[in-house]
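Peer 1:
There are 2 protein chains.
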Amino acid sequence: MVGLGPGNADLLCPRAAAALAACRHLVGYGGYLQQLDLAADKTIHASALGAEVERARRALELAAAGHRVALVSSGDPGIYAMGAVVLEQIDRALADDERHPWGLVPLELVPGVSAMQAAAAAGGALLGHDFCAISLSDLLTAWEQIERRIRCAAEGDFVVAFYNPVSRRRRWQIERARDLLLAARPADTPTLVGHNLERPGGSHSIIRLADLCAARLDMFSLVLVGASTSRLVRCGSASRAYTPRGYAGSGAGAGGGGL
Amino acid sequence: MVGLGPGNADLLCPRAAAALAACRHLVGYGGYLQQLDLAADKTIHASALGAEVERARRALELAAAGHRVALVSSGDPGIYAMGAVVLEQIDRALADDERHPWGLVPLELVPGVSAMQAAAAAGGALLGHDFCAISLSDLLTAWEQIERRIRCAAEGDFVVAFYNPVSRRRRWQIERARDLLLAARPADTPTLVGHNLERPGGSHSIIRLADLCAARLDMFSLVLVGASTSRLVRCGSASRAYTPRGYAGSGAGAGGGGL
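Line by line, the protein sequences are chains A and B.
If you read the first sequence in our numbering, its first letter stands for residue 1, the second for the next number, and so on.
If you read the second sequence in our numbering, its first letter stands for residue 260, the second for the next number, and so on.
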């Protein structure tokens, strides 16, 4: 399970590059596999976005047959990605048959830089203090559970990274999330919208929380909402958003603050 | 602001290596600078653990004087590290004097793999679904605020990464955190204790939440507590802990579960 990082090759760790080099079989989303600079002797098993279970089972079948297989994820395979999908498939196989060969496949997870880290880095240091990550995908999680987590994040004044903020059909959820957070933090809380970061055409912008809306987002977006203590500082021509360590540290006076 | 990753050189991103190569001046904690394989022409500004503000100001002074400076952090400088400290120092300087030269220093933050990612990868995929990160350091944050966040993490059933779980003087906090989480999730919730991961002598173990105690930890430890849905699966001779995506996905039957 190999993490490619957020996109640009210079954020792919040497351990991940070595794993890709050592494996004959590569399994993953076709769009990401295409972007890799691979040796000619690879067998590529490309699949569509969203076919995670199928991809994990394909990789496990190849590995159980004795092949060295790299199952690739963008970002970190341990964060909302293939790592948990693979372990869940093994767990289920062993529940049916405790001697299932998938239980004996040697596994290694190679971590990588996740999208929230690329977004935070591009816009400052919003993850500088306590934060949480919430996926707004309601394919496998009931909305009530997601909303409960957002309420707790609001109550705890966590910086929040929203993964999967919208999809073609999922539009109102990020605006509901915004409203739940607005009940507990200021309208001008610095909010970072990253789009295709570290990929060609990538961009980010820092907006007010109150201005966050689905129309700004697509399936390649990530949203970071600051905590009540997060601040904006103007560095030359660019604004940077950051979250200071702790509360006692927020005595910077009138120079910074919200947008 | 350059992230070295969790320790091992093969988890240091090429972008970070290029930044270190391009900078004549390196500022950071001496223990981490020592571990780097550096060219001979570098000027090293090493400081003690904990002297973050001094380190940030040193780097800003050098940069404002026209030098190219790499301020290094282990892990990701954007996560509980030097990124926010630097921006806070600039913010304060500009609050006193809006034409302060620190406001014009060109900044770049190079992200890296953080300790929670290395720990999750070593032990499975505990960060596979919604999670939060909480620092137990009460140097700059009142314990009441930290405890409020832990309560919210418990209420929201987040996987929790505890950074700075103990120090020489700070011992009871991680056990109080354990008890707050135990009020809302099972005693046998898979809990990962990582120690010096990706460094020489590093190790990890998976324990029951109820067995988490300060005696197992030191300043180089990181703790990951699973959510109520997190599960353990036996892969060959090793146990792996993971958090399945969503709640609907947790139908693996009697084969997995807690410890």
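Glycine included, each C-beta is placed from N, C-alpha and C at the ideal position.
The structure presented is a predicted model; accordingly, all values stated were derived computationally and were not measured.
Could you tell me the boundaries of the beta strand (DSSP E) in which P190 of chain A lies?
Peer 2: Residue 190 of chain A sits at position 190 when you count from the first residue of the first sequence. Unbroken beta strand (DSSP E) run through P190 of chain A: 190-195.
Peer 1: If we require 3 or more residues per run, which beta strand (DSSP E) segments fall completely within the stretch 21-92 of chain A?
Peer 2: 25-29, 43-47, 69-73, all fully within the stretch 21-92 of chain A.
Peer 1: If you draw a straight line from the C-alpha of H204 of chain A to the C-alpha of A65 of chain A, how long is it?
Peer 2: Looking up residue 204 of chain A in the first sequence gives position 204. Looking up residue 65 of chain A in the first sequence gives position 65. Between H204 of chain A and A65 of chain A, the C-alpha separation is close to 44 Å.
Peer 1: Go through its chain and collect everything with a Cβ distance to N8 of chain A's Cβ below 8 Å, but skip five positions before and after it.
Peer 2: Position 8 of the first sequence, counted from the first residue, corresponds to residue 8 of chain A. E198, R199, listed in sequence order.
Peer 1: Would you list the residues sitting across from L481 of chain B in a DSSP beta bridge?
Peer 2: On the second sequence, position 222 is the one that residue 481 of chain B refers to. The partner list for L481 of chain B (beta bridge, DSSP) reads B:G453.
Peer 1: Applying a beta-carbon distance threshold of less than 7 Å, which residues of chain B neighbour A63 of chain A?
Peer 2: One-based indexing of the first sequence puts residue 63 of chain A at position 63. The contacting residues do not exist; A63 of chain A stays about 11 Å from chain B at best.
Peer 1: In the DSSP assignment, what residue or residues form a beta bridge with G112 of chain A?
Peer 2: In the first sequence, counting from the first residue as 1, residue 112 of chain A sits at position 112. Partner(s): none; G112 of chain A has no beta bridge.
Peer 1: Using the beta-carbon of each residue, which ones in chain A are nearer than 7 Å to E414 of chain B?
Peer 2: Working through the second sequence from its first residue, we reach residue 414 of chain B at position 155. Simply C152.
Peer 1: If I measure Cβ to Cβ from R245 of chain A and keep anything under 6 Å in the same chain, skipping five residues before and after, which residues do I get?
Peer 2: Residue 245 of chain A sits at position 245 when you count from the first residue of the first sequence. H129.
Peer 1: So, helix, strand or coil for L126 of chain A, using DSSP?
Peer 2: What you label residue 126 of chain A is simply residue 126 of the first sequence in a count that begins at 1. Three-state DSSP puts L126 of chain A in a helix.
Peer 1: Looking at chain A, is there any beta carbon in it that lies within less than 8 Å of the beta carbon of Y339 of chain B?
Peer 2: Numbered from 1 along the second sequence, position 80 holds the residue referred to as residue 339 of chain B. So, interface residue.
Peer 1: Check G5 of chain A in the structure and name its three-state DSSP category.
Peer 2: Indexing the first sequence from 1 puts residue 5 of chain A at position 5. In the structure shown, G5 of chain A sits in a strand (DSSP, three-state: E or B).
Peer 1: For the pair the stretch 102-117 of chain A and the stretch 402-410 of chain B, tell me if three or more CB-CB distances fall below 8 Å.
Peer 2: No, the stretch 102-117 of chain A does not touch the stretch 402-410 of chain B.
Peer 1: Take every Cβ of the stretch 468-478 of chain B, pair it with every Cβ of the stretch 68-77 of chain A, and state whether three or more of those distances are shorter than 8 Å.
Peer 2: Counting Cβ pairs under 8 Å, fewer than three are found: no touch.
Peer 1: Within 10 angstroms of its Cβ, does A120 of chain A collect 16 or more other Cβ (buried), or is it exposed?
Peer 2: Against the first sequence, residue 120 of chain A aligns to sequence position 120. Classification for A120 of chain A: buried.
Peer 1: Drop a sphere of 10 angstroms on the beta-carbon of D96 of chain A, count the other beta-carbons inside from all chains shown, and report buried for 16 or more, exposed for fewer.
Peer 2: Taking the first sequence and counting its residues from 1, one reaches residue 96 of chain A at position 96. Classification for D96 of chain A: exposed.
Peer 1: Express the C-alpha separation of M82 of chain A and R435 of chain B in angstroms, rounding to a whole number.
Peer 2: The residue labelled residue 435 of chain B in the question sits at position 176 within the second sequence. The residue labelled residue 82 of chain A in the question sits at position 82 within the first sequence. Computed Cα separation, rounded: 33 Å.
Peer 1: With which residues is S205 of chain A paired in a DSSP beta bridge?
Peer 2: Here residue 205 of chain A corresponds to residue number 205 of the first sequence, with the count starting at 1. Paired residue(s): A:V193.
Peer 1: R176 of chain A by DSSP, collapsed to three states: which one?
Peer 2: As a working note, residue 176 of chain A is residue 176 in the first sequence. Note: R176 of chain A maps to helix in three-state DSSP.
Peer 1: Under a CB-based cut-off of 8 Å, is G517 of chain B close to chain A?
Peer 2: Here residue 517 of chain B refers to the residue found at position 258 of the second sequence. Unreliable positioning characterises G517 of chain B in this predicted model, as indicated by a pLDDT of 35, which lies under 50. A coordinate reading is not provided.
Peer 1: Three-state secondary structure (DSSP) at L232 of chain A?
Peer 2: Position 232 of the first sequence, counted from the start, is the residue given in the question as residue 232 of chain A. In the structure shown, L232 of chain A sits in a strand (DSSP, three-state: E or B).
Peer 1: When the Cα of L366 of chain B is compared with those of A:T141, A:A115, A:A125, which residue comes out closest?
Peer 2: For the purposes of this step, residue 366 of chain B is taken as residue 107 along the second sequence, with counting starting at 1. Nearest option by C-alpha distance: A:A125.
Peer 1: Quick one: what's C13 of chain A bridged to in DSSP?
Peer 2: Mapped onto the first sequence, residue 13 of chain A falls at position 13. DSSP output for C13 of chain A lists no bridge partner at all.
Peer 1: Can we say the stretch 481-494 of chain B touches the stretch 415-423 of chain B, given the rule of at least three CB pairs closer than 8 Å?
Peer 2: Touching, yes, given that three or more Cβ pairs across the two stretches are closer than 8 Å.
Peer 1: For the stretch 394-408 of chain B, list every residue whose C-beta sits within 9 Å of some C-beta in chain A, in sequence order.
Peer 2: Of all residues in the stretch 394-408 of chain B, S394, S396, D397, L398, L399, T400, A401, Q404, I405, R407, R408 have a Cβ within less than 9 Å of some Cβ in chain A.
Peer 1: Run down chain A in chain order and give the residues with a C-beta less than 7 Å from the C-beta of Q294 of chain B.
Peer 2: Counted from its first residue, the second sequence places residue 294 of chain B at position 35. None at all; the shortest Cβ gap to chain A is about 15 Å.
Peer 1: In the structure shown, what three-state DSSP assignment does G256 of chain A receive?
Peer 2: Here residue 256 of chain A refers to the residue found at position 256 of the first sequence. Bear in mind that the predicted position of G256 of chain A carries a pLDDT of just 34, short of 50, making it unreliable; the figure below should be weighed with that in mind. In this structure, G256 of chain A counts as coil in the three-state DSSP scheme.
Peer 1: Using 8 Å as the Cβ pair cut-off and three pairs as the minimum, do the stretch 232-242 of chain A and the stretch 343-354 of chain B touch?
Peer 2: With a cut-off of 8 Å, the stretch 343-354 of chain B and the stretch 232-242 of chain A count as touching, because enough Cβ pairs lie within range.
Peer 1: Taking C-alpha atoms, which residue in B:V261, B:G461, B:K301, B:A318 lies nearest to R274 of chain B?
Peer 2: For the purposes of this step, residue 274 of chain B is identified with residue 15 of the second sequence, where counting begins at 1. Answer by Cα proximity: B:V261.
Peer 1: Determine which residues of the stretch 375-386 of chain B have a Cβ less than 7 Å from any Cβ of chain A, and write them out in chain order.
Peer 2: So the list reads Q376, A377, A379, A380, G383, A384, L386, given in the order they occur along the chain.
Peer 1: Any C-beta of chain B sitting closer than 8 Å to the C-beta of C235 of chain A?
Peer 2: The count along the first sequence starts at 1 and reaches residue 235 of chain A at position 235. True, the Cβ-Cβ gap to chain B drops below 8 Å.
Peer 1: Would you call Q173 of chain A buried or exposed, if buried means 16 or more other Cβ atoms sit within 10 Å of its Cβ?
Peer 2: To locate residue 173 of chain A, count along the first sequence from 1; it is residue 173. So Q173 of chain A counts as buried.
Peer 1: In the DSSP assignment, what residue or residues form a beta bridge with I134 of chain A?
Peer 2: Translated into the one-based positions of the first sequence, residue 134 of chain A becomes position 134. Answer by DSSP bridge pairing, in chain order: A:F162.
Peer 1: In the DSSP assignment, find the unbroken alpha helix (DSSP H) run with A153 of chain A in it and report its ends.
Peer 2: Numbered from its first residue, the first sequence carries residue 153 of chain A at position 153. Here the alpha helix (DSSP H) through A153 of chain A covers 143-155.
Peer 1: Name the DSSP beta bridge partners of S498 of chain B, please?
Peer 2: As a working note, residue 498 of chain B is residue 239 in the second sequence. Partner(s): B:R493.
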